[in-house]
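Asker: Before anything else, here's the structure in question.
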Amino acid sequence: MNFEFNEEQAMLRESLAAYLADHYDFEARRKAAAGLTGWRPEIWAGFADRLGLLGATLPLACGGFGGGAVENMIVMEELGKALSLEPWLETIVLARPLLEDGGSIAERLLAEIAAGGAIAVPVLPGRPGTGRSDLQITGPGGNETLSGSARTVRQAAIASHYIVAASDDDGDPVLLAFPVGTVGIERHDYRAVDGSWLSDLLFDRVALPAGARVGGQVAASARIDAALDAGLAALCAESLGIQRRLLEQTVAYAKERKQFGRPIGEFQALQHRMADMFMRVEESVSMTYMAALRMTDTPRARAAAVAMAKVAVDEAARFVGQSAIQIHGGMGMTRELPVADGFARLTVIALQLGTTTEQLRRYDAHRLAA
Amino acid sequence: MDLNFTPGQLALRDAVRAFVKAEYPAALLAKSRNGEEITRDEHMEWMGILARKGWLASSWPKEFGGTGWDDAERYIFKEELGRAGTIVPFSMGISMCGPVIMKFGTEEQKTRFLPPMARAESWWCQGYSEPGAGSDLAGLRTRAERFKGDDGRHYYRVNGQKTWTTYAQHADWGFFLVRTDPDAKPQRGISFLLIDMASPGITVRPIETLGSAHEVNEVWLDDVIVPEENRVHAENEGWTCAKYLLEHERSNIAEVARSKHQLAEIVRRAATGLAPAEAASVHMDALRFEIGLAALEFTELRALSDIGAGRDPGPLMSMLKTRGSELQQEISELALQVSGMAGCITRATGQQSNAESAADGHAADHYLNMRKVSIYGGSNEIQRGIIAKHALGF
Numbered sequence: 002m003n004f005e006f007n008e009e010q011a012m013l014r015e016s017l018a019a020y021l022a023d024h025y026d027f028e029a030r031r032k033a034a035a036g037l038t039g040w041r042p043e044i045w046a047g048f049a050d051r052l053g054l055l056g057a058t059l060p061l062a063c064g065g066f067g068g069g070a071v072e073n074m075i076v077m078e079e080l081g082k083a084l085s086l087e088p089w090l091e092t093i094v095l096a097r098p099l100l101e102d103g104g105s106i107a108e109r110l111l112a113e114i115a116a117g118g119a120i121a122v123p124v125l126p127g128r129p130g131t132g133r134s135d136l137q138i139t140g141p142g143g144n145e146t147l148s149g150s151a152r153t154v155r156q157a158a159i160a161s162h163y164i165v166a167a168s169d170d171d172g173d174p175v176l177l178a179f180p181v182g183t184v185g186i187e188r189h190d191y192r193a194v195d196g197s198w199l200s201d202l203l204f205d206r207v208a209l210p211a212g213a214r215v216g217g218q219v220a221a222s223a224r225i226d227a228a229l230d231a232g233l234a235a236l237c238a239e240s241l242g243i244q245r246r247l248l249e250q251t252v253a254y255a256k257e258r259k260q261f262g263r264p265i266g267e268f269q270a271l272q273h274r275m276a277d278m279f280m281r282v283e284e285s286v287s288m289t290y291m292a293a294l295r296m297t298d299t300p301r302a303r304a305a306a307v308a309m310a311k312v313a314v315d316e317a318a319r320f321v322g323q324s325a326i327q328i329h330g331g332m333g334m335t336r337e338l339p340v341a342d343g344f345a346r347l348t349v350i351a352l353q354l355g356t357t358t359e360q361l362r363r364y365d366a367h368r369l370a371a
Numbered sequence: 078m079d080l081n082f083t084p085g086q087l088a089l090r091d092a093v094r095a096f097v098k099a100e101y102p103a104a105l106l107a108k109s110r111n112g113e114e115i116t117r118d119e120h121m122e123w124m125g126i127l128a129r130k131g132w133l134a135s136s137w138p139k140e141f142g143g144t145g146w147d148d149a150e151r152y153i154f155k156e157e158l159g160r161a162g163t164i165v166p167f168s169m170g171i172s173m174c175g176p177v178i179m180k181f182g183t184e185e186q187k188t189r190f191l192p193p194m195a196r197a198e199s200w201w202c203q204g205y206s207e208p209g210a211g212s213d214l215a216g217l218r219t220r221a222e223r224f225k226g227d228d229g230r231h232y233y234r235v236n237g238q239k240t241w242t243t244y245a246q247h248a249d250w251g252f253f254l255v256r257t258d259p260d261a262k263p264q265r266g267i268s269f270l271l272i273d274m275a276s277p278g279i280t281v282r283p284i285e286t287l288g289s290a291h292e293v294n295e296v297w298l299d300d301v302i303v304p305e306e307n308r309v310h311a312e313n314e315g316w317t318c319a320k321y322l323l324e325h326e327r328s329n330i331a332e333v334a335r336s337k338h339q340l341a342e343i344v345r346r347a348a349t350g351l352a353p354a355e356a357a358s359v360h361m362d363a364l365r366f367e368i369g370l371a372a373l374e375f376t377e378l379r380a381l382s383d384i385g386a387g388r389d390p391g392p393l394m395s396m397l398k399t400r401g402s403e404l405q406q407e408i409s410e411l412a413l414q415v416s417g418m419a420g421c422i423t424r425a426t427g428q429q430s431n432a433e434s435a436a437d438g439h440a441a442d443h444y445l446n447m448r449k450v451s452i453y454g455g456s457n458e459i460q461r462g463i464i465a466k467h468a469l470g471f
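These protein sequence lines are chains A and B, in that order.
Residue 2 is where the first sequence starts when you use this note's numbering, and the numbers rise one by one after that.
Residue 78 is where the second sequence starts when you use this note's numbering, and the numbers rise one by one after that.
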């Protein structure tokens, strides 16, 4: 039993952290958030060409390095610290389980992603069987069309491809991967409070290109569950990175800011509050590690583990974020400091891929397998 | 002990309820429900409606154009406004500057400034906080130097910077705390100045805040010339004015009715928009907050009863501010569980996803914006310090 990182993992973290420190400081992040798409293509290109990062957790067969949940955790934590708006979660973490071993078109798409030439954004309105989605494919094989809608799909605005979870005529889940330029798709983009973009997508009898269906041995529902669980574990790591930064910034501020003739950090009440923040951050470390390590368990145990971790990390993030703002006082409310943007992102993370209420229900449904 | 309002108080409650139902602009109801930002004109429209009814200056004596209501009547009035989900008739002239002028001002100042406030004809902002003077307000440094002009009259030359100035972008006038004696003890060297916001040398710069509403500003004062007759009370008695306000401003800081209204909205949206098991979970959480609000409401009634009996409710006021703000925040957080990602669309550019999400009311922006309520008005840390000192003897 150990919780050490190996040499490759340490290097992965260091090289990404150094790159982000040079190219993605808070000013750069603010500019990106104020822009029209959120991400910065030159950063993504840097990930691809300068760092060779994009393949880190993609399969060897697609030109990747075959890393898994621990590597995704490392990357997401560093991206969180920088408040990155890049689509790592969507096109790497979520896309891999949806496409891996899914037939030649799917495999080729993964290879393009690894090379930095494609951004595939999953459109997953809900867990299979929850009856939330109206996405439907219909028609004879080879001439299928897709109809329905999906709301608030994050990063859809920068996608080159969509990976859509729909139901077929028998009500069974299917996965479809196709380019965004396919005729019949309407998209409306909305800026979110964390600087990213959410899109509403409308599919009107979209004629799917040949080979759009993701095939292979693994059923669509298993792929979707695996993707969402991987996504939840990754979001825990992103939240952890932000929480760590907020704690650092809050302690530094409390040591600097003077009122009533002394640094406010000398007030014991605030020290205790920051001690509470520390404990929450450490709890988030524990649960984020646990989620990453349990990604290789059975599907039921994995499901319980990541749901539990997401609830715990989001609860911790809530306390850490709220405390960071409170201790910064009025300055915490301004967008001029990274504290506010960090808190806004933590708030969205807590709702991504399901609300806390939904994660609790999922945990409840699978907890005896954990 | 008696829980009942008097027949007179009940009649007032019914009259206010009917008035709001008949007169509150429907467009404003929709805007608040959707969490959209209210314009200056819309604020002034509602305040004008209240002013023409004679109800805007609800905390003022009749002789100055007010209602002459006691604390209980004022409470009833504000609770009815909150219950209907109306926007707060935000007037710092009515709530803060006016009472100072009434207590410490000259007859000329009363005649000149009070009637336009009561008629909603002037918008006032409060120039108190500075970058270096937040919780420790007495540390303020904006300097006002008295000099004699060529016309033989006295003026102040004001230089400095105020921050967190609410709605300065809409204001015609501001009431400022300025330092007139840098050598005295901090509280002894402050004066209370009324400054025309159109004066040369005033720059208002928006502060971009969490929650995307443009509410607060920085106000820069560069050699702003203010006539001596705009000073309220004697020179260096500004802190007395500020303290008077702290003790005087005791109306509806708990916002119980408004919180109840928001909670009811959340429960309703959960019932129609969520799967049954999730709606049930939100409902249970809402019950806890309802109970918290009931406790707060009764505490507020006890405080009112103290005031009515001529007793100082003291630390109960700090409790109302602390618990009231915490409940407001917790309720805004519950709304996120109902709106989900759709509530994360920012209101910054007036965007709405579709008819459904209009009901999501920009829940995330609202939650982020509400973080301020535990910081402003005397932070909750300061309030706890007051309780420790005055209730517990530390």
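Virtual Cβ for every residue (Gly too), placed ideally from N, Cα, C.
Quick one: which chain B residues come within Cβ less than 9 Å of A/Val124?
Answerer: Simply none; closest approach about 13 Å.
Asker: Taking 8 Å as the threshold (beta carbon to beta carbon), is A/Ile326 in contact with chain B?
Answerer: Yes, A/Ile326 lies at the interface with chain B (some Cβ there is under 8 Å from its Cβ).
Asker: Consider the Cβ of B/Leu445: report whether some Cβ of chain A lies at a distance smaller than 8 Å.
Answerer: Yes, its Cβ sits closer than 8 Å to a Cβ of chain A.
Asker: With a threshold of 8 Å between beta-carbons, can A/Arg41 be considered close to chain B, or not?
Answerer: So no, A/Arg41 is outside the interface.
Asker: Could you check if A/Pro210 is buried or exposed, using at least 16 other CB atoms within 10 Å of its CB as the buried criterion?
Answerer: A/Pro210 is exposed by the Cβ-count criterion.
Asker: Could you give the residue range of the beta strand (DSSP E) that holds A/Ser150?
Answerer: Here the beta strand (DSSP E) through A/Ser150 covers Thr146 to Arg155.
Asker: Just reading off the alpha helix (DSSP H) that B/Ile126 is part of, what are its end residues?
Answerer: It spans Arg117 to Lys130 - the alpha helix (DSSP H) in which B/Ile126 sits, taken as one unbroken run.
Asker: Any beta-carbon of chain A closer than 8 Å to the one on B/Gly266?
Answerer: With 8 Å as the cut-off, B/Gly266 does not count as an interface residue toward chain A.
Asker: Looking at A/Asp195: is its Cβ nearer than 8 Å to the Cβ of A/Ala345?
Answerer: Yes, they are a contact pair.
Asker: Can you tell which of B/Pro304, B/Asp273 and B/Gly369 has its C-alpha closest to the C-alpha of B/Asp227?
Answerer: B/Asp227 has its Cα closest to that of B/Pro304, out of B/Pro304, B/Asp273 and B/Gly369.
Asker: Who are the neighbours of B/Gly401 on chain A, taking C-beta pairs under 8 Å?
Answerer: Neighbours of B/Gly401 on chain A: none; closest Cβ ~16 Å, over 8 Å.
Asker: Name, in chain order, the residues that DSSP records as bridge partners for B/Arg308.
Answerer: Bridge partners of B/Arg308: B/Leu270.
Asker: Report yes or no: do the region 292-303 of chain B and the region 408-415 of chain B share at least 3 C-beta pairs separated by less than 8 Å?
Answerer: Contact between the region 292-303 of chain B and the region 408-415 of chain B is absent, because fewer than three Cβ pairs lie under 8 Å.
Asker: Of the choices A/Val312, A/Met291, A/Val314 and A/Ala313, whose alpha-carbon is the least far from that of A/Arg303?
Answerer: Per the Cα distances, A/Met291.
Asker: Would B/Glu114 pass as an interface residue toward chain A - the criterion being a Cβ-Cβ separation below 8 Å?
Answerer: Not an interface residue.
Asker: Is B/Pro259 near B/Ala215, with beta carbons less than 8 Å apart?
Answerer: Against a cut-off of 8 Å, the Cβ pair of B/Ala215 and B/Pro259 comes out as no contact.
Asker: Excluding the five sequence neighbours on either side, which residues of its own chain have a C-beta within less than 6 Å of the C-beta of A/Leu55, listed in chain order?
Answerer: So the list reads Phe48, Ala49, Ala115 and Gly117, once near-sequence residues are dropped.
Asker: Using a Cβ cut-off of 7 Å, which residues of the region 336-358 of chain B contact any Cβ in chain A, in chain order?
Answerer: Residues passing the 7 Å Cβ filter: Ala354, Glu355 and Ser358.
Asker: Check whether the Cβ atoms of B/Val97 and B/Leu158 lie closer than 8 Å to each other.
Answerer: Cβ atoms of B/Val97 and B/Leu158: closer than 8 Å.
Asker: Please confirm if the region 222-235 of chain A is in contact with the region 325-339 of chain A, defined as three or more CB-CB distances below 8 Å between the two stretches.
Answerer: The answer is no - the region 325-339 of chain A does not touch the region 222-235 of chain A, with fewer than three Cβ pairs under 8 Å.
Asker: With a threshold of 8 Å between beta-carbons, can B/Asp213 be considered close to chain A, or not?
Answerer: Taking Cβ atoms only, chain A reaches closer than 8 Å to B/Asp213, which makes this a yes.
Asker: Report yes if the C-beta distance between A/Ser197 and A/Arg188 is below 8 Å; otherwise report no.
Answerer: No, Cβ-Cβ distance for A/Ser197 and A/Arg188 is not below 8 Å.
Asker: Have a look at B/Met169, B/Gly182 and B/Leu271 and flag the residue whose alpha-carbon is nearest the alpha-carbon of B/Thr243.
Answerer: Ranking the options by Cα distance to B/Thr243, first place goes to B/Met169.
Asker: Residue range of the alpha helix (DSSP H) that A/Glu374 falls in?
Answerer: The requested residue 374 of chain A is not part of the displayed model; chain A covers only 2 to 371.
Asker: Can you give me the start and stop residues for the beta strand (DSSP E) that A/Ala166 sits inside?
Answerer: A/Ala166 -> beta strand (DSSP E) spans His162 to Ser168.
Asker: What residue from B/Ala357, B/Glu342 and B/Lys398 has the CA that sits closest to B/Ser456's CA?
Answerer: When only C-alpha atoms are compared, the closest one is B/Lys398.
Asker: May I ask you to report which of helix, strand or coil DSSP gives A/Phe179?
Answerer: In the structure shown, A/Phe179 sits in a strand (DSSP, three-state: E or B).
Asker: Hey, A/Ile75 and A/Thr92 are a contact pair by Cβ (cut 8 Å); roughly how many whole angstroms apart?
Answerer: Contact flag wrong, Cβ pair sits at about 17 Å.
Asker: Going by CA-CA distance only, name the one from A/Glu72, A/Arg155 and A/Ala208 that's closest to A/Gln137.
Answerer: For the residues A/Glu72, A/Arg155 and A/Ala208, the minimum Cα distance to A/Gln137 belongs to A/Ala208.
Asker: Using only CA atoms, which one of B/Gly175, B/His360 and B/Ala386 lies nearest to B/Glu342?
Answerer: Among B/Gly175, B/His360 and B/Ala386, the Cα nearest to that of B/Glu342 belongs to B/His360.
Asker: Using only CA atoms, which one of B/Ile464, B/Arg265 and B/Ile126 lies nearest to B/Glu100?
Answerer: Comparing Cα positions, the closest option is B/Ile126.
Asker: Anything in chain A within Cβ reach of B/Gln414, meaning under 7 Å, just list it in chain order.
Answerer: Per Cβ cutoff of 7 Å: Thr356, Thr357 and Thr358.
Asker: With A/Trp198 as the anchor, note down where its beta strand (DSSP E) starts and where it stops.
Answerer: Where A/Trp198 is concerned, the enclosing beta strand (DSSP E) stretches over Trp198 to Ala208.
Asker: Which ranges would you report for the alpha helix (DSSP H) in the region 320-395 of chain B if only whole runs of at least 4 residues count?
Answerer: Those alpha helix (DSSP H) runs which fall completely within the region 320-395 of chain B and span 4+ residues are 333-350 and 353-385.
Asker: Would you kindly check if the distance between the Cβ of B/Gly211 and the Cβ of B/Leu445 is under 8 Å?
Answerer: Not closer than 8 Å, so no.
Asker: Please go through the same chain and pick out, in chain order, the residues whose beta-carbon is closer than 6 Å to the beta-carbon of B/Ala380, but skip the five residues on each side of it.
Answerer: Within the same chain, B/Ala380 has close Cβ partners Pro390 and Leu393.
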